[in-house]
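This report concerns only the one structure given below.
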Amino acid sequence: MKTTMKEGFDLAMMRGLKKWRLFSLLAALTIFLSGCGEEYLSTLTPAGQVGRDQFNLLLLSSAIMALVIIVVVIIYVVALVKFRRKKVGEDVIPKQVEGSHTLEIVWTVIPILLLIVLAIPTVYYTYKHADVAAMDQVDEEGNKTNVTVNVTAKLYWWEFEYPDLGIVTSQELVVPTDQKVFFNLKAADVKHSFWIPTAGGKMDTNVENVNQFYLEFDDASASLEQGVFYGKCAELCGPSHALMDFKVKTLESDDFNAWVESMKTTQNVATDDLATEGEEIFNTSCIACHATSGAGTTGGVGPNLATFGDRNRVAGFMAHDEENLKKWINNPQEYKPGNLMPQPEAINDGEKFSEAQLDALAAYLMGLSVEK
Numbered sequence: 001m002k003t004t005m006k007e008g009f010d011l012a013m014m015r016g017l018k019k020w021r022l023f024s025l026l027a028a029l030t031i032f033l034s035g036c037g038e039e040y041l042s043t044l045t046p047a048g049q050v051g052r053d054q055f056n057l058l059l060l061s062s063a064i065m066a067l068v069i070i071v072v073v074i075i076y077v078v079a080l081v082k083f084r085r086k087k088v089g090e091d092v093i094p095k096q097v098e099g100s101h102t103l104e105i106v107w108t109v110i111p112i113l114l115l116i117v118l119a120i121p122t123v124y125y126t127y128k129h130a131d132v133a134a135m136d137q138v139d140e141e142g143n144k145t146n147v148t149v150n151v152t153a154k155l156y157w158w159e160f161e162y163p164d165l166g167i168v169t170s171q172e173l174v175v176p177t178d179q180k181v182f183f184n185l186k187a188a189d190v191k192h193s194f195w196i197p198t199a200g201g202k203m204d205t206n207v208e209n210v211n212q213f214y215l216e217f218d219d220a221s222a223s224l225e226q227g228v229f230y231g232k233c234a235e236l237c238g239p240s241h242a243l244m245d246f247k248v249k250t251l252e253s254d255d256f257n258a259w260v261e262s263m264k265t266t267q268n269v270a271t272d273d274l275a276t277e278g279e280e281i282f283n284t285s286c287i288a289c290h291a292t293s294g295a296g297t298t299g300g301v302g303p304n305l306a307t308f309g310d311r312n313r314v315a316g317f318m319a320h321d322e323e324n325l326k327k328w329i330n331n332p333q334e335y336k337p338g339n340l341m342p343q344p345e346a347i348n349d350g351e352k353f354s355e356a357q358l359d360a361l362a363a364y365l366m367g368l369s370v371e372k
């Protein structure tokens, strides 16, 4: 009988070990897969002080969790080895312990101390990053000392207004380096969430209220492989939520000031016959929704296109070339379902744009630039 019970026990142990090995393999694969993301969408490469503060908090919490896991595993292994049946014998009954005040104090006090260690910097950084009092600071002449951007999230694109500078752009946010950039965040339709992973944590954009926070960037984005930082909507908002991307260009202070002046004096004039033809088509079919001047205020039905030629993506996610632009114009719903851009038939006398019209529109739009 004892032999039969022992064999059954051994069989159960072997089955348990097989399951444990499978679980361990899956856990290891999960760890490896976590490193397969794109670097430009990673929070582990902070690009400014806010991102570094949050990254340091992540390191602290990870260190505390690792410490707890290591200690628990060591205690578990020691108990497993020291009190295994082969070592103490089959007939030994372990000492029966009804309770220990010392142990109860230890495993109560230690977690409290760990929580305090984690809570102090968490509370400090929470209040630090929520402090937007400097948004309204002015110099001796009454000019704002920091850049403020009004961000409006729309299905499925982003509008960026610089209220103190009198300019507005879309899809590509341009900000200076080495200073705080303040944001007023709101949504025009449904809830979205503004997130630049390398710069800092996300912040919701709501229809009913304005959220405020700030970010900082250390270096100009021109040194990056793509030339921009990447931003995303981080709140499920509809069928094209995953495609609601935007880009961030960071410039040295002098370069940013030059960009602002270029935006204020935007004069996007067609430079050749094909672009001129495209401008005429645009003014007939597209001007009701899209502006081509950087000067102005927010509120456009469609994205401001003053800097379209300077962007690195069409519709926020497609490679920036004429072929993709023509595909987008001719069938926007195919590439971004649920967006509000009308089909060509609705703005071109009931017909799709011809290939010649698309060529002309692409030539005109690709020429809209404040950087060239």
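Take 1 as the starting number for the sequence shown in UniProt numbering and just add one per residue.
Here a beta-carbon is modelled for each residue, glycine too, at the ideal position from N, C-alpha and C.
This structure is a prediction, so every number in the text was calculated from the model and none was measured.
Secondary structure at residue i, three-state DSSP: helix, strand or coil?
i    : result
M263 : helix
G201 : coil
S170 : strand
R21  : helix
T108 : helix
H192 : strand
R311 : coil
M341 : coil
K86  : helix
V81  : helix
K326 : helix
D219 : coil
L224 : coil
D245 : strand
K232 : strand
A63  : helix
V123 : helix
P97  : The identity of residue 97 in the sequence shown is Val, whereas the question assumes Pro. If DSSP states are grouped into helix, strand and coil, V97 belongs with coil.
V50  : helix
Give the DSSP bridge partners of residue i, in chain order.
i    : result
E158 : What sits at residue 158 in the sequence shown is Trp, not Glu. W158 pairs with A153.
T250 : V175
A295 : I167
F182 : T148 and Y214
A133 : BP columns for A133 are empty, so no partner.
In angstroms, rounded to a whole number, what distance separates the CA positions of residue i and residue j?
i    : j    : result
Y230 : A356 : 34 Å
Y124 : A130 : 10 Å
V72  : W20  : 18 Å
L340 : G200 : 30 Å
N209 : L26  : 43 Å
S61  : I281 : 57 Å
V109 : I64  : 15 Å
K2   : L80  : Note on K2: pLDDT 47, under 50, position unreliable in the model; no value is reported.
D359 : A291 : 20 Å
G338 : I196 : 24 Å
V175 : L115 : 37 Å
A288 : N304 : 11 Å
I112 : G99  : 21 Å
E141 : T205 : 33 Å
G294 : D218 : 26 Å
L325 : Q333 : 13 Å
I75  : D136 : 55 Å
M263 : T198 : 26 Å
F83  : T126 : 47 Å
Keeping to the same chain, check which residues put their C-beta closer than 6 Å to that of residue i; ignore five residues upstream and five downstream.
i    : result
K247 : E172 and V228
K372 : none
F55  : P46
H192 : A153, T205, C233, E235 and C237
Excluding the 5 residues preceding and the 5 following residue i in the sequence, name in chain order all residues of the same chain whose CB lies nearer than 7 Å to its CB.
i    : result
K180 : A134, N146, Y214 and E216
A275 : A363, Y364 and G367
V138 : K144 and T145
L243 : Y156, G316, F317 and K336
I'd like the list of long-range same chain contacts for residue i, defined as Cβ closer than 8 Å, with 5 residues on each side in sequence excluded.
i    : result
H241 : Y156, C233 and E235
V68  : L114
G238 : L155, Y156, V190 and G338
T259 : In the sequence on display, residue 259 carries Trp and not Thr. Contacts found: V174, L251, V370 and E371.
R313 : Q171, D245, K247, A319 and H320
Touch test, the segment 144 to 152 against the segment 223 to 238, Cβ-Cβ under 8 Å, three pairs minimum = no
For the segment 174 to 191 and the segment 202 to 222, state whether three or more C-beta atom pairs, one from each stretch, are separated by less than 8 Å.
-> yes
Does the segment 163 to 172 come within contact of the segment 110 to 121, defined as at least 3 CB pairs closer than 8 Å?
-> no
Flag this pair as touching only if the segment 302 to 322 and the segment 354 to 372 have three or more C-beta atom pairs under 8 Å; answer yes or no.
-> yes
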